[in-house]
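In what follows, a structure is listed as structure tokens, so that the remarks can point back to it.
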Amino acid sequence: MLRAVADTHAVIWYIFGDSRLSTTAQNTIAQIASSGNQVAFSSITLAEIVYLSEKGRISPLTLERLLASVDTSDAVLLEVSFNRHIAEALRLVNRSYQFCMKMRQTTSNL
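So for the sequence shown, my numbering puts the first residue at 213; every next one is plus one.
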């Protein structure tokens with residue numbers, strides 16, 4: 213079951229074990245994983261990774277590493293398509309707590 217949504221920065225930092233991912237985010241992802249659940253990331257993250265790699269801002273191996281991580285049977289990260297139905301559902305999300313926003317606040321720059 214999906215328990216959180218991670219932005220591009222958080223996904224990159226997670227797959228590389230980068231210290232820029234906050235301890236709170238690391239612990240939350242670990243807890244989600246240990247309970248057999250998953251963290252979603254938008255399919256647009258894949259395009260952003262290609263762009264950042266082409267610009268030399270991240271490792272050229274990032275896309276391959278993420279895809280390898282997602283393709284395992286026990287994957288913690290799960291790609292989800294962002295479409296109009298997701299956008300409409302987003303309006304229903306309780307804004308009092310958003311994991312992705314907490315992650316974004318603690319992981320503001322690459």
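Every residue gets a Cβ at the ideal spot worked out from N, C-alpha and C, and that includes glycine.
Treat the numbers as computed from the prediction; the structure is a model and nothing was measured.
Item, Value
"How is the beta strand (DSSP E) around Leu214 delimited, first residue to last?", "Leu214 to Ala218"
"Check the C-beta distance from Val288 over to Val251 and give it rounded, since I have them as a contact under 8 Å.", "6 Å"
"Mind reading off the beta-carbon distance from His223 to Ser255? Whole number of angstroms is fine, and I expect it under 8 Å.", "Here residue 223 turns out to be Val, not His, going by the sequence shown. The Cβ separation is near 12 Å, so there is no contact."
"Considering only DSSP beta bridges, list what Ala252 is partnered with.", "Val217 and Leu290"
"Beta-carbon separation of Ile227 and Arg277 under 8 Å?", "yes"
"Roughly how far, in whole angstroms, is the beta-carbon of Phe253 from the beta-carbon of Ala218, given that I think they are within contact range, below 8 Å?", "5 Å"
"So, at 8 Å on beta carbons, what are the nonlocal neighbours of Val282 in its own chain, with the 5 sequence-adjacent residues on each side left out?", "Leu289, Leu290 and Glu291"
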